[in-house]
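> If you count by UniProt numbering, then the sequence shown holds residues 1 to 121, one letter each, in order. Glycine is no exception: its CB is placed at the ideal position from the N, C-alpha and C atoms.
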Amino acid sequence: MRKMNDTLYSLESHEGEVSQVAWSPHEDPILASAASDRKIIVWDLSQIGKEQTPEDAEDGPPEILFVHSGHTAKISDFDWNPAEPWVISSCAEDNVVQIWKMSKQVYTNTKDLQIDPNELE
Numbered sequence: 001m002r003k004m005n006d007t008l009y010s011l012e013s014h015e016g017e018v019s020q021v022a023w024s025p026h027e028d029p030i031l032a033s034a035a036s037d038r039k040i041i042v043w044d045l046s047q048i049g050k051e052q053t054p055e056d057a058e059d060g061p062p063e064i065l066f067v068h069s070g071h072t073a074k075i076s077d078f079d080w081n082p083a084e085p086w087v088i089s090s091c092a093e094d095n096v097v098q099i100w101k102m103s104k105q106v107y108t109n110t111k112d113l114q115i116d117p118n119e120l121e
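Right, here's the structure in full:
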């Protein structure tokens, strides 16, 4: 069955027209989107509907994993690196190419992080 006329869910956070969307080749629920607002947003669809504290809600919906806002011009294209997880290359209309990787702390469940007690204050 298909219901093409019904919206199941809408990802809303970009401040401009979305120009591209691409699924991560390494993580099933992860996708990224680029828009005319010069941002690439990485979304974790497994977080849709997750409850948030008021402080967390100020940062946006729970499915936003990361926002890359390093470009100063409209993004022309981006793609996931097929060989290296969590690496994205992006280029903008000013011909600037950026290759970037999110910190492991962004995409690792905090329960799984190994924290050295000596580093805590």
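Just checking my contact of Val-67 with Ile-41 at CB under 8 Å: how many whole Å lie between their CB atoms?
Right, their Cβ atoms sit about 5 Å apart.
> In the structure shown, what three-state DSSP assignment does Val-96 receive?
Val-96 falls in the coil class under three-state DSSP.
> By DSSP, does residue 128 sit in helix, in strand, or in coil?
Nothing about residue 128 can be reported from this structure: the residues present for the chain run from 1 to 121 only.
> The beta strand (DSSP E) spanning Asp-79 covers which residue range?
75–80
> Count the other CB atoms, across all protein chains shown, that sit within 10 Å of the CB of Ala-34; report buried if there are 16 or more and exposed otherwise.
The residue is buried, with at least 16 neighbouring Cβ atoms inside 10 Å.
> Going by Cα to Cα distance, which pick from Glu-12, Val-18, Lys-3 and Tyr-9 is closest to Lys-74?
Val-18
> Please report the Cβ distance between Asp-77 and Gln-20, rounded to the nearest whole angstrom; I am assuming they are in contact, meaning their Cβ atoms lie under 8 Å.
7 Å
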